[in-house]
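Remarks on the structure that follows.
Numbering (my numbering), first residue to last: 78 to 452.
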């Protein structure tokens with residue numbers, strides 16, 4: 078008896094090869110099986126390039142006729158920058174298509190499956206639906222809600238501290254956790270931080286090849302990964318011109334409330350894009366950037382998955398405004414003590430006021446734990 082799950086796991090392996098390459102398109106994998114033999118495989122290429130199904134069909138050639146295609150996401154049915162994959166499968170003469178999950182994109186949303194059925198192709202699925210959806214949290218969320226998927230990467234000790242009272246924090250977590258962070262950046266369209274983190278840590282916020290290799294990314298894939306858009310939330314426009322962010326490859330965007338065009342010039346001369354964002358006009362955050370406006374701006378630029386790498390104040394602001402969908406918390410087996418700095422700068426007087434999340438999964442990453450918490 079055919080075990081569809083085994084072949085879908087192979088398709089998922091292919092999908093993960095598209096992480097960081099296909100964005101903003103979803104990372105999709107496809108394998109073709111005929112008479113119990115794997116005859117073709119492929120994953121989504123760079124935006125504008127072939128999709129997973131087309132790569133697998135090309136790999137299989139004439140062996141695709143009569144084969145079963147296993148694809149992690151419903152084949153697209155519309156003309157975009159590439160022809161519809163559903164039509165490619167039909168023309169190749171595949172006998173059956175096993176899909177992992179349905180495409181929430183309104184342009185597809187079941188239409189690809191209907192086209193296959195109308196052509197007399199057997200359609201089976203969903204298979205390993207949760208795992209196939211989890212490969213593309215940003216795409217799935219954005220297509221279903223119209224809003225970016227925003228998550229915060231956090232690292233803390235067992236007693237919930239992110240740094241010593243002096244600010245010393247390198248390194249709370251081990252090398253495996255730090256390598257995983259680079260993979261998270263590669264998967265994201267944008268990585269956001271605040272002025273405070275730039276001033277205190279002078280971060281890079283890029284996705285480095287050696288760390289990706291340590292995270293298990295094949296060398297051929299790591300060399301093709303696109304750097305995320307690195308975003309600095311800097312209302313007064315005080316980011317140092319010699320900060321590390323400006324010296325590394327990849328796009329950088331400064332979001333500010335400072336509308337003085339002359340103040341923008343020095344940054345623009347370094348290749349940094351500067352955009353003025355709406356200002357909070359009242360309350361304790363008066364004069365600060367409206368974070369919802371910042372997220373909306375990134376959404377308009379096609380950023381489906383946004384990663385927050387920031388300090389306790391900006392994390393608390395995102396949390397208070399309901400702008401976080403998920404926390405990715407690395408927990409190290411260390412105790413920093415009561416004077417250590419907290420994950421969030423937020424005081425609650427009553428238990429009823431505490432922020433509540435829902436554990437989704439946990440994994441051991443080297444010497445640390447990674448907790449996924451939905452909000």
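We put the beta carbon where it would ideally sit given N, CA and C, even for glycine.
Next on the checklist: If you reduce the DSSP assignment to three classes, tell me which class residue 209 lands in.
Outcome noted: Locating residue 209 in the chain shown gives position 132, where the first residue counts as 1. Three-state result, residue 209: helix.
Item to check | Nonlocal neighbours in the same chain, by C-beta distance under 6 angstroms from residue 183, ignoring five residues either side | outcome: The count along the chain shown starts at 1 and reaches residue 183 at position 106. No residues qualify anywhere along the chain.
Item to check | Member of 154, 238, 83 whose CA lies at the smallest distance from the CA of residue 411 | outcome: By one-based count along the chain shown, residue 411 stands at place 334. If we check each option's Cα against that of residue 411, 238 comes out closest.
Next on the checklist: Measuring alpha carbon to alpha carbon, tell me which residue in 403, 424, 276 is nearest residue 211.
Outcome noted: In the chain shown, the residue the question calls residue 211 occupies position 134. When only C-alpha atoms are compared, the closest one is 403.
Item to check | For residue 91, three-class secondary structure by DSSP | outcome: Position 14 of the chain shown, counted from the first residue, corresponds to residue 91. Residue 91: helix per DSSP, three-state reduction.
Next on the checklist: On the DSSP bridge list, what partners appear for residue 127?
Outcome noted: The residue you call residue 127 lines up with position 50 of the chain shown. In the DSSP output, where bridge partners are listed per residue, residue 127 has none listed.
Next on the checklist: With distance defined between alpha-carbon atoms, name the residue in 319, 364, 357, 332 nearest to residue 351.
Outcome noted: What you label residue 351 is simply residue 274 of the chain shown in a count that begins at 1. Residue 332 is the option with its Cα nearest to residue 351.
Next on the checklist: Contact defined as beta carbons within less than 8 angstroms: I believe residue 110 pairs with residue 95. What is the distance between those atoms, to the nearest angstrom?
Outcome noted: Here residue 110 refers to the residue found at position 33 of the chain shown. Here residue 95 refers to the residue found at position 18 of the chain shown. Contact flag wrong, Cβ pair sits at about 20 angstroms.
Item to check | For residue 273, the first and last residue of its enclosing alpha helix (DSSP H) | outcome: Working through the chain shown from its first residue, we reach residue 273 at position 196. Per DSSP, residue 273 is one residue of the alpha helix (DSSP H) stretching across 272-278.
Item to check | Supposed close pair residue 160, residue 217 - CB separation, criterion 8 angstroms | outcome: One-based indexing of the chain shown puts residue 160 at position 83. One-based indexing of the chain shown puts residue 217 at position 140. Contact flag wrong, Cβ pair sits at about 23 angstroms.
Next on the checklist: Taking the straight line between their C-alpha atoms, what separation do you get for residue 163 and residue 290?
Outcome noted: Your numbering for residue 163 matches position 86 in the chain shown. Your numbering for residue 290 matches position 213 in the chain shown. So the two alpha carbons sit approximately 34 angstroms from each other.
Next on the checklist: Looking at residue 232: is its Cβ nearer than 8 angstroms to the Cβ of residue 409?
Outcome noted: Sequence index remark: in the chain shown, residue 232 carries index 155 (1-based). Sequence index remark: in the chain shown, residue 409 carries index 332 (1-based). Going by C-beta atoms, residue 232 is nearer than 8 angstroms to residue 409.
Checklist entry - How about residue 265 and residue 382: do their beta carbons lie closer than 8 angstroms? => result In the chain shown, the residue the question calls residue 265 occupies position 188. In the chain shown, the residue the question calls residue 382 occupies position 305. Going by C-beta atoms, residue 265 is nearer than 8 angstroms to residue 382.
Item to check | Own chain residues within Cβ distance below 6 angstroms of residue 154, not counting five before or after | outcome: Numbered from its first residue, the chain shown carries residue 154 at position 77. The answer, listed in chain order, is 161, 163, 185, 188, 189, 192.
Item to check | 8 angstroms Cβ cutoff met for residue 321 and residue 281 | outcome: Residue mapping note: residue 321 aligns to position 244 of the chain shown, counting from 1. Residue mapping note: residue 281 aligns to position 204 of the chain shown, counting from 1. Less than 8 angstroms separates the beta-carbon of residue 321 from that of residue 281.
Checklist entry - Nearest CA to the CA of residue 317: which residue from 299, 303, 435, 271? => result The sequence position of residue 317 within the chain shown is 240, counting from 1. Ranking the options by Cα distance to residue 317, first place goes to 271.
Checklist entry - Is it buried or exposed for residue 425, if we count other Cβ within 10 angstroms and need 16 for buried? => result Numbered from 1 along the chain shown, position 348 holds the residue referred to as residue 425. Looking at its Cβ environment, which holds fewer than 16 other Cβ atoms inside 10 Å, residue 425 is exposed.
Item to check | For residue 421, three-class secondary structure by DSSP | outcome: Reading the chain shown from its first residue, position 344 is the one you call residue 421. Reduced to three states, the DSSP call for residue 421 is coil.
Checklist entry - Ordered along the chain, which non-local residues of its own chain (more than five positions away) have a Cβ less than 6 angstroms from that of residue 416? => result Counting from 1 along the chain shown, the entry for residue 416 is found at position 339. Around residue 416: 242.
Checklist entry - According to the neighbour-count rule (16 or more other Cβ atoms, all chains shown, within 10 Å of its Cβ), is residue 386 buried or exposed? => result If you number the chain shown from 1, residue 386 lands on position 309. Under this definition residue 386 is a buried residue.
Checklist entry - Hey, how far is the Cα of residue 228 from the Cα of residue 277? => result For the purposes of this step, residue 228 is taken as residue 151 along the chain shown, with counting starting at 1. For the purposes of this step, residue 277 is taken as residue 200 along the chain shown, with counting starting at 1. Roughly 22 angstroms separates the two Cα atoms.
Checklist entry - Do you know how far the Cα of residue 101 is from the Cα of residue 379? => result One-based indexing of the chain shown puts residue 379 at position 302. One-based indexing of the chain shown puts residue 101 at position 24. Looking at the two C-alpha atoms, the distance is approximately 7 angstroms.
Checklist entry - Between 115, 195, 141, 128, which lies nearest to residue 150 when the distance is taken from Cα to Cα? => result As a working note, residue 150 is residue 73 in the chain shown. The residue with the shortest Cα to Cα distance from residue 150 is 128.
Checklist entry - Between residue 202 and the rest of its own chain, which residues show a CB-CB distance below 6 angstroms, the 5 nearest in sequence each way excluded? => result Start at 1 with the first residue of the chain shown, and residue 202 comes out as number 125. Here the set comprises 175, 176.
Checklist entry - Can the beta-carbon of residue 354 be found less than 8 angstroms from the beta-carbon of residue 305? => result Counted from its first residue, the chain shown places residue 354 at position 277. Counted from its first residue, the chain shown places residue 305 at position 228. A distance of 8 angstroms or more separates the beta carbons of residue 354 and residue 305.
Item to check | Neighbourhood of residue 448 by C-beta, 6 angstroms cutoff - its chain only, sequence neighbours within 5 removed | outcome: Reading the chain shown from its first residue, position 371 is the one you call residue 448. Result list for residue 448: 406, 439, in chain order.
Checklist entry - Can you name, in chain order, every residue of its own chain whose Cβ lies under 7 angstroms from the Cβ of residue 369, other than the five neighbours on each side? => result Residue 369 sits at position 292 when you count from the first residue of the chain shown. If you ignore the 5 residues before and after residue 369, its C-beta comes within less than 7 angstroms of the C-beta of 398, 400, all in its own chain and listed in chain order.
Item to check | Same chain only: Cβ atoms within 7 angstroms of residue 313, ignoring 5 sequence neighbours per side | outcome: Along the chain shown, one-based indexing puts residue 313 at 236. Excluding its 5 nearest sequence neighbours in each direction, residue 313 has C-beta neighbours in its own chain below 7 angstroms: 335, listed in chain order.
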